[in-house]
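FYI, the numbering for the sequence shown is 39 to 104, going by my numbering. Built from N, CA and C at the ideal position, the CB exists for glycine as well. Since the model is a prediction, treat every value here as computed from it, not as a measurement.
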Amino acid sequence: MKLRIDSTVCMAHGRCYALAPELVEVDDQGYPVLTAAADDLAADQEPLADEVVGTCPEGAISLVRE
């Protein structure tokens with residue numbers, strides 16, 4: 039499982055990195071950047087990842103289940 043951010047949709051509200059700084063960081067321009075942990079989520083991180091997806095008002099974040 040991994041998180042993905044569609045940068046063409048993101049409006050940098052900051053809810054994702056406020057909720058889960060271990061999965062999402064902020065860049066110099068205020069936009070979210072996924073951490074390495076977000077690219078290979080552990081099973082116990084799935085509930086938090088689901089919250090991150092749900093917190094984005096633009097729907098720019100998705101959870102990819104492989």
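Per-residue DSSP class, three states only, for residue i
i, result
"R103", "coil"
"L86", "helix"
"V28", "The structure shown does not extend to residue 28, since the chain spans only 39 to 104, so no value can be given for it."
Sub-9 angstroms separation of residue i and residue j beta-carbons
i, j, result
"L72", "I43", "yes"
"E112", "V62", "Limits of the chain in this structure are 39 at one end and 104 at the other, which puts residue 112 out of reach."
Endpoints, beta strand (DSSP E) assigned at residue i
i, result
"L72", "P70 to L72"
"L57", "No beta strand (DSSP E) holds L57; the alpha helix (DSSP H) holding it covers R53 to L57."
"A60", "For the record, residue 60 in the displayed sequence is Glu; it is not Ala. Run containing E60: none; DSSP gives neither H nor E here."
"L41", "K40 to I43"
Best match in the options for proximity to residue i [C-alpha to C-alpha]
i, options, result
"D66", "G52, C94 and V102", "G52"
"L57", "E104, A50, M39 and T93", "T93"
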